[in-house]
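A.B. asks: In our numbering, the protein residues as written are 452 to 736.
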Amino acid sequence: MSSETQALYTVRRGLATFGPAMVGLKAALDRRFVAWADEIGAVSMLYPTLMPVAELEPLDYFRNFPHLAVAASGVRAERLEAGFGSTGMETTGMETIPGADLADARYVLPSAACYNVYVHLKDEVLDGPRYITTVANCYRNENQYDELQRLWSFTMREIVCLGSTEAVQGHLRAFKVRILAFAERLGLGLEVAAATDPFYQPSSSVAVMQKLFPQKEEFQYKGELAIASVNFHRNFFGERCRIRTRDGEPVFTGCVAFGIERWLHALLDRFAGDAGAALAAVEAG
Numbered sequence: 452m453s454s455e456t457q458a459l460y461t462v463r464r465g466l467a468t469f470g471p472a473m474v475g476l477k478a479a480l481d482r483r484f485v486a487w488a489d490e491i492g493a494v495s496m497l498y499p500t501l502m503p504v505a506e507l508e509p510l511d512y513f514r515n516f517p518h519l520a521v522a523a524s525g526v527r528a529e530r531l532e533a534g535f536g537s538t539g540m541e542t543t544g545m546e547t548i549p550g551a552d553l554a555d556a557r558y559v560l561p562s563a564a565c566y567n568v569y570v571h572l573k574d575e576v577l578d579g580p581r582y583i584t585t586v587a588n589c590y591r592n593e594n595q596y597d598e599l600q601r602l603w604s605f606t607m608r609e610i611v612c613l614g615s616t617e618a619v620q621g622h623l624r625a626f627k628v629r630i631l632a633f634a635e636r637l638g639l640g641l642e643v644a645a646a647t648d649p650f651y652q653p654s655s656s657v658a659v660m661q662k663l664f665p666q667k668e669e670f671q672y673k674g675e676l677a678i679a680s681v682n683f684h685r686n687f688f689g690e691r692c693r694i695r696t697r698d699g700e701p702v703f704t705g706c707v708a709f710g711i712e713r714w715l716h717a718l719l720d721r722f723a724g725d726a727g728a729a730l731a732a733v734e735a736g
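(1) Taking C-alpha atoms, which residue in Y672, A479, I711 and D574 lies nearest to I694?
(2) In whole angstroms, give me the CA-to-CA distance for E414 and F605.
(3) Evaluate G699 with the Cβ neighbour count: other Cβ atoms within 10 Å of its Cβ, from every protein chain shown; 16 or more gives buried, anything less gives exposed.
(4) Does A726 have its Cβ less than 8 Å from a Cβ in chain D?
(5) Across which residues does DSSP place Q742 in a beta bridge pair?
(6) Give me, in chain order, the residues of the same chain whose beta-carbon lies closer than 7 Å to that of A728; leave out the 5 immediate sequence neighbours on both sides.
(7) May I have the straight-line CA-CA distance separating G724 from L459, to the nearest angstrom?
(8) What do you reckon, are the CB atoms on M607 and A645 nearer than 8 Å?
(9) Given this structure, state the Cα-to-Cα distance separating E541 from V681, to the nearest angstrom.
(10) Counting C-beta neighbours from all protein chains within 10 Å, is the total for T704 16 or more, i.e. buried, or is it exposed?
(11) Between which residues of its own chain and R557 is the CB-CB distance below 7 Å, once the five residues before and five after are set aside?
(12) Tell me whether F650 sits in a helix, a strand or coil according to DSSP, three-state version.
(13) What distance in whole Å lies between the Cβ atoms of R691 and L510, which are believed to be in contact at a cut-off of 8 Å?
(14) Whole angstroms are fine: how far does the CA of R601 sit from the CA of Q595?
(15) Note down, in chain order, each residue of its chain lying with its Cβ closer than 8 Å to the Cβ of H684, except the 5 sequence neighbours on either side.
(16) Hey, out of Y566, E532, A528 and L718, whose CA is closest to I610's CA?
(17) Tell me which residue opens and which closes the beta strand (DSSP E) that E609 is part of.
(18) Consult DSSP for V568 and reduce its assignment to one of helix, strand or coil.
(19) Please state the DSSP three-state secondary structure of R581.
(20) When you compare only the Cα positions, how much space is there between T547 and G470?
(21) By the three-class DSSP mapping on this structure, what secondary structure does R463 have?
(22) Throw me the rounded Cβ distance for the A467 and E712 pair, which I believe falls under 8 Å.
(23) Among L623, D489 and T500, which has the Cα closest to the Cα of V568?
(24) Quick check on the burial criterion: 16 or more other C-beta atoms within 10 angstroms. Buried or exposed for P517?
(25) Taking just the CA atoms, how far does F626 sit from P580?
(26) Assuming L718 and L476 form a contact by the criterion Cβ under 8 Å, report the distance between their Cβ atoms to the nearest whole angstrom.
(27) Between F687, N686, S524 and A679, which has its C-alpha nearest L480's C-alpha?
(28) Taking the alpha-carbon of V619 as reference, which of A472, P701 and G640 has the nearest alpha-carbon?
Pasting the structure below:
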């Protein structure tokens, strides 16, 4: 990493620290996405960082994404009573807390921002399409991390639509056009590629349909780094969270997701590390 890059940000063990120029660029980029959400009347929400295991389990999260889950736990009471950490911690170079000392984890740090949306709306009946935007610090266990391209802790902005299949698909089509136009103005030249998320059990008819008709499209910078995506979940979350329309049918859902730090990587690459030029382009775009 060059000294100029170090002045902008540092990344250690998948965790990024930003300097003032990057803080400003990150804020401007997110303002752009929030402005798009405001234009369609999306309600802005912020949810708790921790999600209960009991709320994610019905969504097949631990069947589909067990490798990504970052669990949150505390030290067992009996270990605290035994004086855990009271002797030698300052001199032993302690870097981990042994798993045997930890209580069972009832919460996890989410790997995507939209899960809280569906859990929050559980058992609701919607009169029409509902649009919600939220931003979250997300966390994913990975085999390796790569600067801003792949982090352990990162920021995700999402714009979610819940309603009829027509409303959701229209939402995703409109944002596909908007993202590509914005990227073109920035000179990013994104490519669109079909991808999949294993929301469904592999043997289910819905999973088979997803393979035949991909329900996730990624916007890739230089053909390899996905910096945004549009995702059609069909009525999976509507069924699992019992979110229904007035006629009693499970709602369809879809989300537009932006990996903020990946956008920052693409912008710095495009503008040769000039955060000021990238900021001016984002604000003009």
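Ideal placement from N, C-alpha and C gives every residue a C-beta, glycine not left out. None of the values given here were measured: they were computed from a predicted structure.
C.D. replies: So, from the data block:
(1) D574
(2) Residue 414 lies beyond the range of the chain shown here (452 to 736); nothing can be said about it.
(3) exposed
(4) Protein chains in the displayed structure number just one, and chain D is not present.
(5) Look at the range of the chain in this structure, 452 to 736, and you will see that residue 742 is not part of it.
(6) F722
(7) G724 and L459 have their alpha carbons spaced roughly 9 Å apart.
(8) Going by C-beta atoms, M607 is not nearer than 8 Å to A645.
(9) Residue placement at E541 cannot be trusted, given a pLDDT of 45 that sits under 50; the coordinates are not used to answer.
(10) buried
(11) P503 and V504
(12) For F650, the predicted model reports a pLDDT of 49, less than 50, meaning its position is unreliable; a value from the coordinates is still stated below. Note: F650 maps to coil in three-state DSSP.
(13) 5 Å
(14) Each residue's CA atom was taken as its position, placing Q595 and R601 some 8 Å apart.
(15) F650, Q666, F703, T704, G705 and C706
(16) Ranking the options by Cα distance to I610, first place goes to Y566.
(17) Note, E609: beta strand (DSSP E), S604 to G614.
(18) Correct three-state label for V568: helix.
(19) strand
(20) 28 Å
(21) strand
(22) About 6 Å separates the CB atoms of A467 and E712; that is less than 8 Å, so the two are in contact.
(23) T500
(24) exposed
(25) 16 Å
(26) That belief holds up - the Cβ atoms of L718 and L476 are roughly 7 Å apart, short of 8 Å.
(27) The candidate whose alpha carbon is nearest that of L480 is A679.
(28) Ranking the options by Cα distance to V619, first place goes to P701.
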